[in-house]
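Trainee:
In the UniProt record's numbering, the protein residues as written are 1 to 132.
1. Can you tell which of 60, 21 and 36 has the C-alpha that lies nearest to the C-alpha of residue 50?
2. Alpha carbon to alpha carbon, how far is residue 53 from residue 97?
3. In this structure, does DSSP put residue 64 in helix, strand or coil?
4. What number of angstroms, rounded off, separates the C-alpha of residue 118 from the C-alpha of residue 61?
5. Under a three-way DSSP split, which group does residue 118 fall into?
6. With distances taken Cα to Cα, identify the nearest neighbour of residue 18 among 45, 42, 104 and 24.
7. For the alpha helix (DSSP H) that contains residue 11, what are its first and last residues?
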């Protein structure tokens with residue numbers, strides 16, 4: 001019984017962490033069992049702007065839900081030299097974050113024993129959503 005709970009919690013965590021790696025926050029999930037193999041519903045890998053946009057929006061919404069923001073709270077002043085250093089470091093952090101999302105997606109695919117990925121999306125839809 002405790003093993004089932006562990007597996008369920010592990011899958012839940014993997015799905016939550018890997019959803020930013022795919023378009024429209026879709027994660028691979030088995031939906032059809034065919035000849036002893038699971039067919040998963042998923043989406044194309046997300047581009048960097050979509051990945052960071054969704055992660056940022058999720059962070060903002062979760063922080064707003066957990067705390068109330070006062071309109072009278074002081075806004076801290078930022079030293080310009082610190083922002084210049086932050087701009088240089090920003091590129092490497094974004095690449096690390098992107099790799100982290102993709103690694104979570106790979107871990108979920110391995111956990112679900114996904115061996116083959118086939119793209120069923122209609123090519124005209126890809127053009128519509130800017131994926132080509």
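The beta-carbon is built from N, C-alpha and C at its ideal position, and this holds for glycine as well.
Mentor: In short:
1. 21
2. 12 Å
3. helix
4. 33 Å
5. coil
6. 104
7. 2–18
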